[in-house]
Amino acid sequence: MNYKKSIIISLILGMLLFSCSNHSNEQNEINIGNSQERDSIGLINDSILDSEETSFTLPSPLQIAYVFKKSGAPFASSLLNDSKNVTRYNTNNYKRAINFGIYSADLAYCIFNNKNQEAKKYLAACQNMGSYLGLNQAFDSDDITKRFNKYISNEDSLVKLVSNVQLKTDILLEQNKQKHIIATAFAGAWTESLFIASELYSKEKNNKVLASLLEQLSFSEILIKALKKHETSEQEIPELIKTIEKINIQFNSIHSVKTTLEKNQDIDFNQMHMTSDEFKTIAEMILALRQNMTI
Amino acid sequence: MKTTLKIIFNLSLLFMLMAFQTGNVLCNAKELKEKAKNKLDPYKYDNSELTKIIYKNKETVKEIEVSLFIGEKYRFIFELEALPKQVEVQIYNKSKDAKNRKLLFSSKDIGLDKKEFDFEISKSRRVYVDYVIPPQEAGSYTGCAVLMVGYK
Numbered sequence: 060m061n062y063k064k065s066i067i068i069s070l071i072l073g074m075l076l077f078s079c080s081n082h083s084n085e086q087n088e089i090n091i092g093n094s095q096e097r098d099s100i101g102l103i104n105d106s107i108l109d110s111e112e113t114s115f116t117l118p119s120p121l122q123i124a125y126v127f128k129k130s131g132a133p134f135a136s137s138l139l140n141d142s143k144n145v146t147r148y149n150t151n152n153y154k155r156a157i158n159f160g161i162y163s164a165d166l167a168y169c170i171f172n173n174k175n176q177e178a179k180k181y182l183a184a185c186q187n188m189g190s191y192l193g194l195n196q197a198f199d200s201d202d203i204t205k206r207f208n209k210y211i212s213n214e215d216s217l218v219k220l221v222s223n224v225q226l227k228t229d230i231l232l233e234q235n236k237q238k239h240i241i242a243t244a245f246a247g248a249w250t251e252s253l254f255i256a257s258e259l260y261s262k263e264k265n266n267k268v269l270a271s272l273l274e275q276l277s278f279s280e281i282l283i284k285a286l287k288k289h290e291t292s293e294q295e296i297p298e299l300i301k302t303i304e305k306i307n308i309q310f311n312s313i314h315s316v317k318t319t320l321e322k323n324q325d326i327d328f329n330q331m332h333m334t335s336d337e338f339k340t341i342a343e344m345i346l347a348l349r350q351n352m353t354i
Numbered sequence: 003m004k005t006t007l008k009i010i011f012n013l014s015l016l017f018m019l020m021a022f023q024t025g026n027v028l029c030n031a032k033e034l035k036e037k038a039k040n041k042l043d044p045y046k047y048d049n050s051e052l053t054k055i056i057y058k059n060k061e062t063v064k065e066i067e068v069s070l071f072i073g074e075k076y077r078f079i080f081e082l083e084a085l086p087k088q089v090e091v092q093i094y095n096k097s098k099d100a101k102n103r104k105l106l107f108s109s110k111d112i113g114l115d116k117k118e119f120d121f122e123i124s125k126s127r128r129v130y131v132d133y134v135i136p137p138q139e140a141g142s143y144t145g146c147a148v149l150m151v152g153y154k
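Top line first, the protein sequences correspond to chains V and C. Counting in the working numbering, the first sequence runs from 60 upward without gaps. Counting in the working numbering, the second sequence runs from 3 upward without gaps.
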């Protein structure tokens, strides 16, 4: 009799427990399309998108700098955003994210040019901006400053170290439902890299630097798509998108770019060129955007 | 009394587990990405994307557009262990809305049961990774997939 009672009670308890978890699963399905969901196992979901929506990956500032270095571009410290300006940007999340990206680009540029003392300053700037964004864990867990000093004369080790921080940053921002910061920071890094490339090209007219500049400009299209997914996350993003769209239009109207796209040919940036007017227009747009980001 | 409680507990657990018809798998971004990173060397980490996979009653496709530098070599690492049911990974040179796109890779060729694999590519500006999510008629399933991109 006791045994029978035990079975009945167990069955009831089992069904009750099942129906509780099933109810929260149903809630999960009903709420598809909303952000900030918590599923039945208590995990924070990423923003749940319609299954037809495309996601985008963006290159890291390290990779942009790595590719740019291959163009043979020289180092010019005067072009970088002063690392002492950090406190200027702790006003809102948009400024923090944009300048986190800018300083990341500056850090990468220093590393690949073996300017290690400058790199240390930019690492500190990234760490400061990161702390304003709640990314302390990404830097602290690696004891980054100590390790940076240890490997300071080894480019490969420094790149690995900074890549690890990049990965931890990506994970944290994903977990904290702040993927818009990834896209915004990339906009900052992209702008800074374009600015450095365009300034160096204006001085030396190196064709490989030009090819690198054009290739970086070609990322404007995917950046616009990535930012549009987060258009409502920060009030400054719509205006940023408009500005980048104008740069994208200007890029696509460069004669050699337009001709290649019209013929549906594979793009070879090394075969492309810009007239001085075309360059002047686009360089001014890049400068204006960068100034707006760093004031 | 103790024995009775023990029986009740064990049987409750059993009934609950038996009645569990849903397959929601733990999506731990940190663990999955760290596993993927172990397979990157000698490529350097560039970026990664965690994609939530929801199985519906019809086949669906989730697409990721991946922008690349044309002169670089890339390794894509896929971590699919957090998927309760098989998902095919396809890689194309154009988006799913384009005509005449070319299939560059399908995980069918290496076996759909593989939970971790990689793909290498170079001389491309852009590729499109499609997760082809099969239909599920009964139950509710979610999981996630990780794509990690490395360059050299």
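Every residue gets a Cβ at the ideal spot worked out from N, C-alpha and C, and that includes glycine. All of these numbers come straight from a predicted model, not from anything done at the bench.
Checking the sheet assignment: what are the DSSP bridge partners for residue i?
i, result
"valine 56 of chain V", "Shown here, chain V extends from 60 to 354; a query on residue 56 of chain V therefore has no answer."
"leucine 105 of chain C", "C/Tyr94"
"alanine 147 of chain C", "C/Thr53"
"phenylalanine 278 of chain V", "Phenylalanine 278 of chain V is not bridged to any residue."
"serine 114 of chain V", "C/Ile66"
"tyrosine 47 of chain C", "C/Gly152"
"glutamate 233 of chain V", "Glutamate 233 of chain V is not bridged to any residue."
"glutamate 81 of chain C", "C/Glu118, C/Val148"
Going along chain C, which residues have a C-beta under 8 Å from residue i?
i, result
"aspartate 141 of chain V", "Ordered by position in chain C, no residue passes the 8 Å Cβ test against aspartate 141 of chain V, which lies about 28 Å from the chain."
"glutamate 251 of chain V", "None at all; the shortest Cβ gap to chain C is about 17 Å."
"leucine 117 of chain V", "Asn49, Ser69"
"isoleucine 326 of chain V", "Ile72, Arg127"
"aspartate 229 of chain V", "Lys35, Asn49, Ser50"
"threonine 382 of chain V", "Because chain V is modelled from 60 through 354, residue 382 of chain V falls outside the range shown and cannot be assessed."
So with CB distances below 7 Å, who are the chain C contacts of residue i?
i, result
"tyrosine 290 of chain V", "For the sequence presented, residue 290 of chain V should be read as glutamate rather than tyrosine. Correct list: empty, because the minimum Cβ distance to chain C is about 17 Å."
"serine 222 of chain V", "Lys46, Tyr47"
"valine 355 of chain V", "Any answer about residue 355 of chain V is impossible in this case: the structure gives chain V only from 60 up to 354."
Going along chain C, which residues have a C-beta under 9 Å from residue i?
i, result
"glutamine 225 of chain V", "Tyr47, Asp48, Asn49"
"threonine 204 of chain V", "Those do not exist, as threonine 204 of chain V stays about 20 Å from chain C at its closest Cβ, beyond 9 Å."
Just to check my reading of the structure: residue i and residue j have Cβ atoms closer than 8 Å, yes? What is that Cβ distance to the nearest angstrom?
i, j, result
"proline 137 of chain C", "glutamate 61 of chain C", "5 Å"
"lysine 154 of chain V", "tyrosine 162 of chain V", "So it is not a contact: roughly 12 Å between Cβ atoms."
"arginine 273 of chain V", "threonine 228 of chain V", "The sequence given here places leucine at residue 273 of chain V; arginine does not occur at that position. With 8 Å as the limit, leucine 273 of chain V and threonine 228 of chain V do not qualify as a contact, their Cβ atoms being about 28 Å apart."
"glutamate 192 of chain V", "phenylalanine 245 of chain V", "Note that residue 192 of chain V is leucine in the sequence shown here, rather than glutamate. Going by Cβ atoms, the distance from leucine 192 of chain V to phenylalanine 245 of chain V rounds to 14 Å, so no, they are not a contact pair."
"lysine 125 of chain C", "isoleucine 66 of chain C", "Not quite, the Cβ-Cβ distance comes to about 20 Å (not below 8 Å), so this is no contact."
"glutamate 51 of chain C", "serine 114 of chain V", "6 Å"
In terms of residue numbering, what span does the beta strand (DSSP E) encompassing residue i cover?
i, result
"serine 69 of chain C", "62 to 69"
"glutamate 122 of chain C", "118 to 124"
"glutamate 74 of chain C", "Taken as a continuous stretch (DSSP letters only), glutamate 74 of chain C belongs to no beta strand (DSSP E), as it is neither H nor E."
Identify the continuous alpha helix (DSSP H) that holds residue i and give its terminal residues.
i, result
"serine 292 of chain V", "Element bounds for serine 292 of chain V: n/a, residue is neither H nor E."
"arginine 36 of chain V", "Here chain V comprises residues numbered 60 to 354, so residue 36 of chain V is not present and cannot be evaluated."
"tyrosine 133 of chain C", "No alpha helix (DSSP H) contains tyrosine 133 of chain C, which is instead part of the beta strand (DSSP E) from 128 to 135."
"serine 163 of chain V", "152 to 171"
"glycine 28 of chain V", "Beyond the ends of chain V as shown, which are 60 and 354, falls residue 28 of chain V; an answer cannot be given."
"proline 120 of chain V", "120 to 128"
"isoleucine 326 of chain V", "That residue, isoleucine 326 of chain V, is in no alpha helix (DSSP H); it is neither H nor E in DSSP."
"leucine 366 of chain V", "One cannot answer for residue 366 of chain V here, as it falls past the ends of chain V, which runs 60 to 354."
"leucine 179 of chain V", "Note on residue identity: the sequence assigns lysine, not leucine, to residue 179 of chain V. 175 to 191 is the extent of the alpha helix (DSSP H) around lysine 179 of chain V."
"lysine 37 of chain C", "31 to 39"
"phenylalanine 134 of chain V", "Element bounds for phenylalanine 134 of chain V: n/a, residue is neither H nor E."
"asparagine 195 of chain V", "195 to 199"
List the residues of chain V that residue i touches, going by C-beta distances under 8 Å, in chain order.
i, result
"valine 148 of chain C", "Residues of chain V passing the Cβ test: none, with the nearest at roughly 10 Å."
"valine 151 of chain C", "Thr116"
Output, in chain order, the set of chain V residues within a Cβ distance shorter than 9 Å of residue i.
i, result
"tyrosine 94 of chain C", "Ordered by position in chain V, no residue passes the 9 Å Cβ test against tyrosine 94 of chain C, which lies about 12 Å from the chain."
Members of the stretch 266 to 280 of chain V near chain C, C-beta cut-off 8 Å: Within the stretch 266 to 280 of chain V, Glu274, Ser277, Phe278 place their CB atoms closer than 8 Å to a CB of chain C, listed in sequence order.
Chain-ordered residues of the stretch 111 to 122 of chain C with a beta carbon less than 8 Å from chain V: If the cut-off is 8 Å between Cβ atoms, the stretch 111 to 122 of chain C has nothing near chain V.
Contacting positions in the stretch 296 to 318 of chain V - beta carbon closer than 9 Å to chain C: none
Cβ-based contacts, 9 Å cut-off: residues of the stretch 57 to 87 of chain C near chain V: Going along the stretch 57 to 87 of chain C in chain order, one finds Lys58, Thr62, Val63, Lys64, Glu65, Ile66, Glu67, Val68, Ser69, Leu70, Phe71, Ile72, Gly73, Glu74 with a Cβ nearer than 9 Å to chain V.
Cβ-based contacts, 8 Å cut-off: residues of the stretch 231 to 259 of chain V near chain C: Glu233, Gln234
Contact residues within the stretch 118 to 129 of chain V, judged by C-beta distance below 9 Å to chain C: Within the stretch 118 to 129 of chain V, Pro118, Ser119, Leu121, Gln122, Ile123, Tyr125, Val126, Lys129 place their CB atoms closer than 9 Å to a CB of chain C, listed in sequence order.
Residues within the stretch 26 to 39 of chain C neighbouring chain V, beta-carbon criterion of under 7 Å: Asn26, Leu28, Cys29, Ala31, Lys32, Lys35, Lys39
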